[in-house]
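Following the numbering used here, the residues of the sequence shown are numbered contiguously, the last one being 123. C-beta: ideal position from N, C-alpha, C; glycine also. All values derive from a computational prediction rather than experimental measurement. For reference, the structure discussed in these notes is given below.
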Amino acid sequence: MERKALCQCGQLQVTCTGEPKRVLMCHCELCQRRTGSAFNLAAWFPGQNVTVQGQTKTYQRIGERGFEITFHFCPDCGSSVCWDVKGTDSVVVAVGCFADPHFPAPSLSLYGCTRHDWVTQPAGIPSHIGSANSALE
């Protein structure tokens, strides 16, 4: 299985092989601000299964668990396409950049304490209300 994620203008392309290790919904305030949406939907792939083509600009911040996160976005259209979490072997890709209505559903919801009241999530997936520290172990 091969999937391609693109920025809006198509200059930045991320190719992922195999199935994602996990797909997460995150409702934290930082994800809301980064995406401009009520939540972030992210697919975690093993780093060796991901190829990034095109130019990127980056933005770094420290996540709640203390890991450095480097976000890669298109310098032309500004789309935030993928990010690396230092200390993991994963590359995380924004699910919306795949533009695939059949992409696997999330298996976990994080930061329900800041989830917008009108947002629903798939039935039966675990939902962590506060910190993600134990959810990703």
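Which first and last residues belong to the beta strand (DSSP E) in which residue 10 is found? Counting along the chain, the beta strand (DSSP E) containing residue 10 begins and ends at 8 to 12.
Give me the residue from 115, 84 and 76 with the minimum Cα distance to residue 94. Ranking 115, 84 and 76 by Cα distance to residue 94 puts 115 first.
What does DSSP give as the partner residues of residue 70 in its beta bridges? According to DSSP, residue 70 shares a beta bridge with 56 and 77.
Between the CA atoms of residue 26 and residue 105 - distance to the nearest angstrom: Going by the C-alpha atoms only, they are around 12 angstroms apart.
Buried or exposed (CB count within 10 angstroms, at least 16 for buried), residue -13: By the neighbour-count rule (16 or more Cβ atoms within 10 Å), residue -13 is not buried but exposed.
Measuring alpha carbon to alpha carbon, tell me which of 9, 16, 65 and 76 ends up nearest residue 37. The option with the nearest alpha carbon to residue 37 is 76.
Would residue 35 pass as a contact of residue 56 if the rule is Cβ separation under 8 angstroms? The Cβ atoms of residue 35 and residue 56 lie no closer than 8 angstroms to each other.
Indicate whether residue 66 and residue 20 have their beta-carbon atoms separated by less than 8 angstroms. Yes, the pair counts as a contact, with Cβ atoms nearer than the cut-off.
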